[in-house]
Amino acid sequence: MRTRASGRTVGGLRTLSLQAPAVTLLLLWMLIPLGMTLWFSFQRYNMLMPGMSGFAGFENYRYLLTDPALWSSMGTTLVLVGSVLAITVIGGILLAVLFQQEFLGRGIARILIISPFFVMPTVSALIWQNMIMHPVNGVLAWLFGVFGLPSVEWFSELPLVSIIIIVSWEWLPFALLILLTALQSLDEDQVEAARMDGAGPLAIFFFITLPHLKRAISVVIMIEMIFLLSIFAEIFVTTSGGPGLATTNLAYFIYIRALFEFDVGGASAGGVIAIILANIVAIFLIRTVAKNLEN
Amino acid sequence: MTMLASKRLWLAVLAWGITLVMFFPIFWMFLTGFKTEAAAVATPSLFFSPTLESYMAVLERTDYLKFAINSVIMAFGSTALALLIAVPCAYSMAFLPTPRTKGTLLWMLSTKMLPPVGVLMPIYLIFRDTGLLDSQLGLVIVYTLMNLPIVVWMLYTFFKDLPKDILEAGRMDGAGTSQEIIYLLLPLTLPGIASTGLLAIILSWNEAFWSLNLTSYDAAPLTAFIASFSSPEGLFWAKLSAASTMAIAPILVFGWLSQKQLVRGLTFGAVK
Chain A
1 MRTRASGRTV GGLRTLSLQA PAVTLLLLWM LIPLGMTLWF SFQRYNMLMP
51 GMSGFAGFEN YRYLLTDPAL WSSMGTTLVL VGSVLAITVI GGILLAVLFQ
101 QEFLGRGIAR ILIISPFFVM PTVSALIWQN MIMHPVNGVL AWLFGVFGLP
151 SVEWFSELPL VSIIIIVSWE WLPFALLILL TALQSLDEDQ VEAARMDGAG
201 PLAIFFFITL PHLKRAISVV IMIEMIFLLS IFAEIFVTTS GGPGLATTNL
251 AYFIYIRALF EFDVGGASAG GVIAIILANI VAIFLIRTVA KNLEN
Chain B
296 MTMLASKRLW LAVLAWGITL VMFFPIFWMF LTGFKTEAAA VATPSLFFSP
346 TLESYMAVLE RTDYLKFAIN SVIMAFGSTA LALLIAVPCA YSMAFLPTPR
396 TKGTLLWMLS TKMLPPVGVL MPIYLIFRDT GLLDSQLGLV IVYTLMNLPI
446 VVWMLYTFFK DLPKDILEAG RMDGAGTSQE IIYLLLPLTL PGIASTGLLA
496 IILSWNEAFW SLNLTSYDAA PLTAFIASFS SPEGLFWAKL SAASTMAIAP
546 ILVFGWLSQK QLVRGLTFGA VK
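Printed below as a string of structure tokens:
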């Protein structure tokens, strides 16, 4: 009895000392910036106006929420995240099914097709903007010319579409990689049995494959959402949020407030809004992962 | 039989067609790096006389090596630190679970959900006031903390796969916690630890929010250096391509090597 009790204490102590560094660091990394963001968001604090300071109440929030640029950036964020999700998830499912089939050189093709995910965002954006989408010398302009189509000024005529194309190119391989892995645990016997019963490929896809992928698809959607809500580098190096506000998403909007206008209070209030939005998604993701942890 | 064969053929054509379109920008960048600047902007062509002049220009006329060294220090430094902090933590979670373990794991995951832009202002001000702006140490710290939850999670899923009796046997023989970790756990889970490390390296190497906002020149890694091509003067496509090829090549190889294990880390063990 005594040994059991003391064993538990020793075990508890061991657990504490082994986990303490990771837990403490993450706690500091989360609480200090979060606390400061919240605090600043209620302060009058602009680095360009040193004399101005003090408690601002909800002034920063009122100012921000009546700023049309904020709502435009929220809309842009929504379109960007929604479009990229639709393209990568649907594309990822179809590609995963395709890559599940045997074909010549599948191993090599698989390595090539997931490569864009490993390219740093600044490289992806600049290669696409210059060498692929340049209205005169780009590959697309040349290709359109071959077919007698007029060339497109991608980044001035269709700025948001251009960003969506680049970001989808980066994240489609991610969806494919996850969904392909999930497909590999699909019970082949079940598919075979369905085929014996006369089910066509479409029926198998909708009644066996898709339900099997359900959890993996929800994981892909949630993880992509977390990252897509903060898309920054691709916009930073190509359009700088323009023309006008056409490609300014919430992350870029806050960045301008913070490091261009040095409006600490306003940027922090924007930060709080971004954190709230991300948390709405996070709750669902954590629930899914928690459910998985129990198994 | 012929119908099956032709179906196979069409499948291969379709899959390879899509693959080549997806891979094309990387392929094109690779080719363009070996062109002259004039050839880079000429009508697209697969046939040209390759030259190393763009590579030479990048290596000689920019501080490419310095930025590459910054990237290496940050990616490897932060990964080593994260592993060092995460191994004991994941060990205790996998082998000495308490009722609180699950909650701790989920809480760690939740710190990863904090959008970086939400804490841009405080981090920037803390860095400014402590002299960490544009320093290697500053980004090593940020990347370590950024990857710590993923590293703990991924290690935890690998450790959990290990049969418990192996460590029990070690404990019977009187091994202490640190001996147990160093002599039993680490060798047995080395492949898992390696792929965890690779994922952390890939994520830090490609990180481009903090690197763009917290560095300017001295500590700028390759992501920030490549960004400087966004406002260049004159012809620059071949140089951009050469610099980009060098910047992404090592990480592409790492990604190819660890693609199967990456799924665990990227989905927090929800898809294996």
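Heads up: the protein sequence lines correspond to chains A and B, in order. Quick note on numbering: the working numbering labels position 98 of the first sequence as 98, and the sequence is numbered without any gaps. Quick note on numbering: the working numbering labels position 9 of the second sequence as 304, and the sequence is numbered without any gaps. Every residue gets a Cβ at the ideal spot worked out from N, C-alpha and C, and that includes glycine.
CA-CA distance, residue i and residue j?
i        : j        : result
A:SER197 : A:HIS212 : In the sequence as displayed, the identity of residue 197 of chain A is Asp instead of Ser. For A:ASP197 and A:HIS212, the distance between alpha carbons rounds to 19 Å.
B:ALA381 : A:ILE178 : 24 Å
B:VAL446 : A:LEU26  : 12 Å
B:ALA310 : B:LEU462 : 46 Å
A:VAL219 : A:GLY105 : 29 Å
B:VAL437 : B:ALA370 : 11 Å
A:GLU102 : B:ALA307 : 8 Å
B:LEU552 : A:SER230 : 28 Å
B:GLY372 : A:LEU94  : 39 Å
A:VAL84  : A:TRP171 : 8 Å
B:ILE368 : B:PRO410 : 25 Å
A:TRP128 : A:GLN43  : 41 Å
A:LEU65  : A:MET74  : 11 Å
A:MET30  : A:PHE174 : 27 Å
B:LEU481 : B:LEU434 : 27 Å
A:LEU176 : A:LEU48  : 47 Å
B:SER366 : A:GLN190 : 48 Å
Is the beta carbon of residue i sitting closer than 7 Å to the one on residue j?
i        : j        : result
A:ALA298 : A:ALA216 : Nothing about residue 298 of chain A can be reported from this structure: the residues present for chain A run from 1 to 295 only.
A:THR239 : A:PHE155 : yes
A:VAL237 : A:LEU140 : no
A:GLN19  : B:SER499 : no
B:GLY398 : B:THR540 : no
B:LYS455 : B:ALA389 : yes
A:LEU160 : A:ALA246 : yes
B:GLY550 : A:PHE227 : no
May I ask you to list the residues that DSSP assigns as paired with residue i?
i        : result
A:MET49  : A:ASN46
A:PHE55  : A:GLN43
A:ASP263 : A:ASN46
Would a check of beta-carbon distances place residue i closer than 7 Å to chain A?
i        : result
B:VAL566 : yes
B:ILE445 : no
B:LEU263 : Only positions 296 to 567 of chain B appear in this structure, which leaves residue 263 of chain B out of reach.
B:MET408 : yes
B:SER405 : yes
B:VAL412 : yes
B:ALA363 : no
B:PHE325 : no
Does the beta carbon of residue i sit closer than 7 Å to a beta carbon anywhere in chain B?
i        : result
A:VAL97  : no
A:GLN19  : yes
A:GLY198 : no
A:PHE103 : yes
A:PHE118 : yes
A:GLY7   : Low confidence applies to A:GLY7: its pLDDT is 46, below 50, so where it sits in the model is not reliable, and the reading given next is rough at best. It does not; no Cβ of chain B falls within 7 Å.
A:LEU80  : no
A:GLY54  : no
A:PHE152 : Checking the sequence shown, residue 152 of chain A turns out to be Val, not Phe. Closer than 7 Å: no.
A:ASN130 : yes
A:SER162 : no
A:VAL123 : yes
A:TRP71  : no
A:LEU271 : Looking at the sequence shown, residue 271 of chain A is not Leu but Gly. Yes, because at least one Cβ of chain B sits closer than 7 Å to the Cβ of A:GLY271.
A:PRO33  : yes
A:TRP171 : no
Is it the case that the CB of residue i approaches a heavy atom of the ligand MG more closely than 6 Å?
i        : result
A:GLY198 : For the ligand MG, the structure offers nothing, since it holds no ligand at all.
Next item on the list: Kindly confirm or deny that the stretch 418-427 of chain B and the stretch 479-490 of chain B touch, where touching means at least three C-beta pairs closer than 8 Å.
Entry: no
Next item on the list: For the stretch 397-408 of chain B and the stretch 279-287 of chain A, state whether three or more C-beta atom pairs, one from each stretch, are separated by less than 8 Å.
Entry: yes
Notebook entry, point to check: Do the stretch 543-560 of chain B and the stretch 487-502 of chain B make contact, defined as three or more Cβ pairs closer than 8 Å?
Noted result: yes
Next item on the list: Count the CB pairs spanning the stretch 113-127 of chain A and the stretch 314-327 of chain B that are closer than 8 Å, and state whether there are at least three.
Entry: yes
Notebook entry, point to check: Is the stretch 127-147 of chain A touching the stretch 320-340 of chain B, taking contact as three or more C-beta pairs under 8 Å?
Noted result: yes
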